[in-house]
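Here the sequence shown stands for residues 1 to 751, numbered as in UniProt numbering. Using N, Cα and C, we set each Cβ at its ideal position, and we do this for glycine too. What follows is a set of notes on a single structure, which appears directly below.
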Amino acid sequence: MATEDMDANMNGVAAETGAAPVSQVPSSRTGDDGDERAAKRQKVDSSGLTSETPAEKSVAEKDIQVEKKTNGSNSAPDDRDVRKGVAPVKKEYLIDMSNATLTEAPDDDLAEGAGHQRQDDRDSGNKGRKDKKQKNRGQNTERTFGHFDDAIRLCNSRAYYSEFSPRECRFGDRCRQSHDLRKYLAEGRREDVETFGGKCPIFEQHGRCSAGWKCRFVKSHMREVEHEDGRKELVLIDNVTKQDSNGSEEAKGSEDVEDRRADVFNIVPMQNKIDLNRKRVDFSRSEKYIEWLNKETKANDKLFQATKDKTPEEMAELRAAFVDPPFKPSEKRRIYFGPETPTLAPLTTQGNLPFRRLCIDLGAQLTYSEMAMGMPLIQGTKADWALLKAHKSELAPPKYTPGKSYVVENYDNAKDLRFGAQISASVPWVAVKSADALSRWCPHLRLIDLNCGCPIDMVFKSGGGSALLDNAGKLERMIRGMNAVSGEVPITAKIRTGVRNNRPTANQVISRLAFGGSEHRERLGAPGCAAITLHGRSREQRYTKKADWGFIGQCSALIRSYNEEKDDLTDTAAEPDPSTLANTKDGRVYFLGNGDCFSHEDYRDHIQNAGVDSVMIGRGALIKPWLFEEIEKGQYLDKSATERLTYIEKFVRYGLEAWGSDELGIGFTRRFLLEWLSFTHRYVPIGLLEHLPPSLNDRPPAYKGRNELETLMASNNYKDWIKISEMFLGPVHPGFNFQPKHKSNAYEAEG
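Now the structure itself:
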């Protein structure tokens with residue numbers, strides 16, 4: 001559906017979406033539950049459930065929190081002045097909420113946890129087992145997305161070739177899939193999608209569609225040819241010659257049809273994954289270093305536990321147990337973080353390739369993969385290796401202004417790129433082997449980031465994520481081992497302030513990452529961490545509390561004192577070995593802050609006052625991805641509903657390119673679009689606010705937009721999200737089931 005005519009045809013949109021006129025918006029919740037007991041109504045309301053109503057009615061029922069005025073003033077201020085955590089929307093756009101019920105605010109931290117409940121090898125295996133005492137607080141902790149596939153499955157030996165030129169099926173007569181192309185087209189699939197003018201976006205962009213006959217737009221790139229003998233053949237149109245093909249070299253050589261996507265890189269051949277799964281990959285180099293790490297740990301423990309009554313000879317014997325590592329790290333590629341490089345954070349579920357492409361279009365300079373689990377990586381799990389795929393736009397160098405800020409020695413911007421990988425591991429050997437495999441098979445990585453801040457129980461209880469903050473010794477060994485085997489790829493870390501609110505440990509962790517522990521510093525030098533990102537929250541905190549940028553500033557000062565402290569170590573035995581330093585002989589460690597950045601003013605303030613090199617942006621980019629554009633231009637941008645809908649269209653196009661235009665690809669694109677819309681509906685247009693800057697933690701009160709499309713896009717009702725997706729992806733598959741991370745917005749296809 002073209003977006004250019006959207007504003008001019010809002011009546012049509014209203015008709016299409018079933019949205020009631022704004023004037024008909026009810027001022028209170030209605031329903032047939034009037035005879036319910038008050039206690040039951042209160043319980044339902046406190047769980048965050050909302051009724052399933054069209055857009056404007058849903059907007060009217062949006063939750064708000066009101067703080068009673070306690071200053072004793074006799075004046076009668078506007079109700080908006082005493083609302084805590086509520087966006088200051090102009091009075092003319094507000095909807096009367098005098099009789100509405102207050103509901104619980106979404107908890108993004110719990111939602112983040114729900115995002116890890118994926119049907120792949122990272123699941124814990126305890127499916128269906130629930131603690132009766134544990135409350136889900138309105139979250140969908142075990143999400144499924146239904147079944148969306150063709151009624152008849154067409155064999156791949158037929159799916160990508162003309163009717164009379166199929167490939168030989170390797171399963172022969174044992175194949176359970178259909179080999180009858182015409183029957184499949186007539187009975188085995190839904191009708192073609194009519195959006196985008198019925199033209200396949202992938203074919204229009206690249207001259208070839210990787211979905212073949214399974215494409216839901218197949219009529220736009222097929223034809224029936226009549227041969228001389230009178231036979232009619234169905235033929236796929238391919239406008240790309242071998243010389244014109246712009247796909248990556250990895251994709252061209254892949255046997256997996258799903259990997260034959262244009263402009264996609266870091267594609268690992270299926271045979272490599274099979275070899276990993278069957279333990280046929282040579283990790284001897286990593287294993288040598290892991291063996292040394294284990295011996296080093298035992299020797300350190302013995303020396304630490306040695307009592308004061310040990311004789312000098314016994315202490316000398318303990319020290320003699322230490323040996324040098326089997327090899328030193330390779331020289332690393334130089335990287336750069338600066339004020340001109342706003343960074344998109346690694347986002348579980350949301351940080352997919354299409355969303356990263358959209359953010360790069362809007363000004364993001366650096367991106368990260370979704371967090372990949374280390375153990376599934378070294379087991380060859382396809383789902384986790386798929387997270388490492390990067391688009392061509394992520395391989396371009398980031399913006400760089402010489403002389404504007406500090407640059408490490410020998411930095412070459414032309415050799416730099418934007419895309420980095422993030423992994424999680426709970427033990428050193430998994431982290432080391434994962435870094436080895438990534439640097440070996442993913443040639444287009446800017447860096448490998450170790451997640452030391454994930455708050456999710458599944459990760460934390462296994463000893464990974466934020467659990468590493470309470471075990472700095474293990475964390476140092478992991479960084480040191482990863483740095484040793486990663487070749488030229490730098491190693492970085494993302495941490496939190498600590499595990500508990502009242503016990504910040506980030507400053508001690510930063511010292512370890514920058515210098516190495518005191519027991520290692522003299523012999524081994526620094527572990528080789530090129531950059532540290534600090535999220536200004538502890539694991540215990542929830543997103544309803546603001547990030548502690550004051551503490552981030554304190555840690556930034558610690559990083560700045562690093563060079564001074566290094567100078568103090570000069571001419572002493574404690575001076576770090578230059579070969580172990582991440583960014584050449586100056587030992588510079590870049591420092592990024594993360595948390596609650598929602599405007600260019602926030603970004604500028606954090607750079608200037610917190611002293612960070614750059615800022616990593618997560619939720620702010622999900623709610624308004626043009627935040628990167630605002631940062632670049634240094635001003636607020638009041639995006640119209642039509643412009644915002646254009647970004648949704650872009651995401652859909654990028655999603656179809658990434659996941660395919662067949663039934664499965666459309667289902668995945670729809671699912672991840674709906675995941676994203678669960679954030680974008682929280683955006684309040686700048687033109688509707690009474691004052692600036694906006695706050696990321698402020699929730700919108702019930703309001704109507706400047707037109708019906710803007711009101712529709714502000715809806716927190718799942719039905720309206722589905723309708724937006726249908727504007728670009730056609731009707732929902734009957735088996736599709738959408739369960740967002742908040743139960744109040746669950747969707748299952750009806751009928």
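- Setting aside the 5 residues that flank it on each side, Leu-637 is surrounded in the same chain by Trp-626, Glu-629, Glu-630, Ile-686, each with a C-beta closer than 8 angstroms to its C-beta; the list follows chain order.
- Restricting attention to Asp-548, Arg-170, Ala-530, the CA atom closest to the CA of Arg-537 is found in Asp-548.
- In the structure shown, Ala-390 adopts extended strand secondary structure according to DSSP, grouped into three states.
- Between Gly-212 and Leu-236 a beta carbon distance of about 6 angstroms is seen, short of the 8 angstroms cut, so the two are scored as contacting.
- Asp-449: member of the beta strand (DSSP E) spanning 448 to 452, first to last residue.
- For Lys-704, there is no enclosing alpha helix (DSSP H), as DSSP marks it with neither H nor E.
- Segment contact: the segment 595 to 611 against the segment 344 to 356, fewer than three CB-CB distances shorter than 8 angstroms; contact not assigned.
- Inclusion of Lys-219 and Leu-154 in the CB contact set at 8 angstroms is not warranted, their separation being larger than that value.
- No Cβ-Cβ contact shorter than 8 angstroms links His-691 with Gly-595.
- Per DSSP, Arg-356 is one residue of the alpha helix (DSSP H) stretching across 353 to 361.
- Residue burial is scored here from C-beta neighbours: Asp-282 has fewer than 16 other C-beta atoms within 10 angstroms and is therefore classed as exposed.
- Spanning the alpha carbons of Trp-721 and Ile-666 requires a straight line of approximately 15 angstroms.
- Here Gly-553 really is in contact with Gly-611; their C-beta atoms are around 6 angstroms apart, less than 8 angstroms.
- A straight line joining the alpha-carbon of Thr-367 with that of Lys-719 spans about 32 angstroms.
- Under the three-state reduction of DSSP output, Arg-503 falls in the strand class.
- Comparing alpha-carbon positions, the option among Met-371, Lys-392, Trp-429 lying closest to Pro-455 turns out to be Met-371.
- For the pair Val-408 and Ser-162, the Cα-to-Cα distance works out to about 55 angstroms.
- Note: Gln-177 is not bridge-paired with any residue in the DSSP secondary-structure output.
- One Cα belongs to Tyr-93, the other to Tyr-703, and the distance between them is close to 5 angstroms.
- Asp-192 and Arg-644 have their C-alpha atoms some 26 angstroms from each other.
- The three-state reading of DSSP puts Tyr-184 in helix, counting H, G and I together.
- The distance from the Cβ of Ile-290 to that of Val-489 is about 18 angstroms, inconsistent with a contact at the 8 angstroms cut-off.
- Apart from the 5 residues on each side of it in sequence, Thr-195 sits with its Cβ closer than 8 angstroms to the Cβ of Met-1, Met-727, Phe-728, Leu-729, Gly-730 in its chain, given in chain order.
- Taking Cys-442 as reference, the option from Leu-622, Arg-588, Asn-609, Ser-369 with the minimal CA-CA separation is Ser-369.
- Per DSSP, reduced to three states, the secondary structure at Phe-651 is helical.
- Counting only the Cα atoms, Ala-531 lies some 4 angstroms from Tyr-590.
- In this chain, the alpha helix (DSSP H) harbouring Gly-374 covers 374 to 378.
- Non-local beta-carbon contacts of Gly-473 in its own chain, meaning distances under 7 angstroms to residues more than five positions away in sequence, involve Gly-517 in chain order.
- Cβ atoms of Glu-663 and Arg-216 come within 8 angstroms of each other, at about 6 angstroms.
- In the three-state reduction of the DSSP assignment, Asn-272 falls in the helix class.
- Collapsing the DSSP output to three states places Cys-555 in a helix.
- Contact between the segment 390 to 402 and the segment 410 to 429 is present, with at least three C-beta pairs closer than 8 angstroms.
- In this structure, Leu-293 lies near Arg-477, with their beta-carbon atoms less than 8 angstroms apart.
- The residues Val-684, Leu-689, Pro-694, Ser-695, Asp-698, Arg-699, Pro-700, Pro-701, in chain order, have a CB closer than 8 angstroms to that of Ala-87 in the same chain once the five nearest residues on each side in sequence are set aside.
- Between the segment 481 to 495 and the segment 329 to 336, the count of C-beta pairs closer than 8 angstroms reaches three or more; the two stretches touch.
- Where His-600 is concerned, the enclosing alpha helix (DSSP H) starts and stops at 600 to 605.
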